[in-house]
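Encoded as structure tokens, the structure appears first; notes follow it.
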Amino acid sequence: ARLRYALAQVPIGVLWPVAAGTVALVAAGPIHACAAAVLGGAAADLRGRATERRQRLSRLGAWERALDDTSSALRAGAGPGGALGQAADAAAAHDPRVAGILAAAGSHARLGGDVAAALRPAGGDGPDGDRVAGELAGAWLLATRHGVVLADVVDGLRADVASRRQRALRVDATLAGPRATSVILTALPGLGVLLGSGFGADPLGVLGSGALGGGLCLAGSVLLSAGLLWTDRIAGGAAR
1 ARLRYALAQV PIGVLWPVAA GTVALVAAGP IHACAAAVLG GAAADLRGRA TERRQRLSRL
61 GAWERALDDT SSALRAGAGP GGALGQAADA AAAHDPRVAG ILAAAGSHAR LGGDVAAALR
121 PAGGDGPDGD RVAGELAGAW LLATRHGVVL ADVVDGLRAD VASRRQRALR VDATLAGPRA
181 TSVILTALPG LGVLLGSGFG ADPLGVLGSG ALGGGLCLAG SVLLSAGLLW TDRIAGGAAR
């Protein structure tokens with residue numbers, strides 16, 4: 001149990017390269033271990049980027065629901081503190097971070113504090129989903145200083161967040177094809193090795209033994225990883 005807990009604390013970006021390198025070190029040698037570590041690091045990095053994309057969409061969705069709950073509660077006659085508290089309770093099942101931000105802001109509102117000041121530090125300069133708190137702070141400040149109806153301002157921000165989430169979904173769906181193509185192209189060298197084995201050659205024997213095989217594996221791993229990461233970076237730039 002302690003070992004599982006310790007492994008769970010190790011970042012995937014460290015665990016995968018180390019695990020792959022260790023297996024290759026035992027099975028083949030140090031050069032093959034480096035090649036496996038490169039591939040493991042690339043796989044972990046791609047997995048991390050995919051997780052970040054999913055979290056960004058999930059957080060935008062959580063903010064959209066929370067803002068909708070807030071504006072609905074305000075229109076129903078709830079005070080700012082009560083509206084934020086209701087939205088925080090509803091958001092707890094979807095995104096604890098959003099729920100915590102709203103709960104803290106609701107507490108400030110009930111105590112007569114500055115809600116915008118409570119929200120602003122949580123905004124930051126991170127992904128869209130993390131910036132919504134700062135945008136809500138600006139909307140709140142606009143309503144309190146200039147007398148704009150708070151429910152209308154919050155609902156306008158909700159519509160903007162919904163638009164951003166829909167755009168992110170469309171872009172992600174559009175880029176799914178290029179990302180899948182890059183993975184297929186990366187797998188083609190493996191298919192070539194299998195075809196060579198089928199024709200009576202011994203590419204696995206060459207690649208799996210000796211310094212020459214290790215060097216070829218390392219060079220191939222570096223090139224394949226660079227191609228995958230570069231393609232994903234281009235796709236990520238298009239998404240932004």
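The sequence shown begins at 1 in the working numbering and counts up by one. Beta carbons: idealized from backbone N, C-alpha and C, even for Gly.
Check	Outcome
Have a look at Trp230 and Ala180 and give me their C-alpha separation to the nearest angstrom.	14 Å
Let's see if you can read the secondary structure: which residues bound the alpha helix (DSSP H) around Gly205?	Pro203 to Leu207
Nearest CA to the CA of Gly61: which residue from Ser221, Val132 and Gly210?	Val132
Give me, in chain order, the residues of the same chain whose beta-carbon lies closer than 8 Å to that of Leu141; leave out the 5 immediate sequence neighbours on both sides.	Ala116
Pull up the distance between the alpha-carbon of Val148 and that of Val171, whole angstroms please.	34 Å
If you draw a straight line from the C-alpha of Asp68 to the C-alpha of Val154, how long is it?	8 Å
How long is the line joining the alpha carbons of Leu185 and Glu64, rounded to whole angstroms?	38 Å
Could you tell me the distance, in whole angstroms, from the CA atom of Leu119 to the CA atom of Ala103?	10 Å
Pick from Gly100, Asp45 and Leu39: whose alpha carbon is nearest that of Asp130?	Gly100
Going by alpha carbons, who is nearest to Gly106 out of Leu191, Ala66 and His94?	Ala66
Going along the chain, which residues of its own chain have a beta-carbon closer than 6 Å to the beta-carbon of Leu7, five neighbours each way excluded?	Because Leu7 carries a pLDDT of 49, less than 50, the predicted location of this residue cannot be relied on, and the following value inherits that uncertainty. Excluding residues within five positions, none has a Cβ falling inside 6 Å.
Considering only residues of the stretch 97–133, which uninterrupted alpha helix (DSSP H) runs meet the minimum length of 4 residues and lie entirely inside it, listed in chain order?	115–123
Give me the Cα-Cα distance between Ala226 and Arg49, rounded to the nearest whole angstrom.	15 Å
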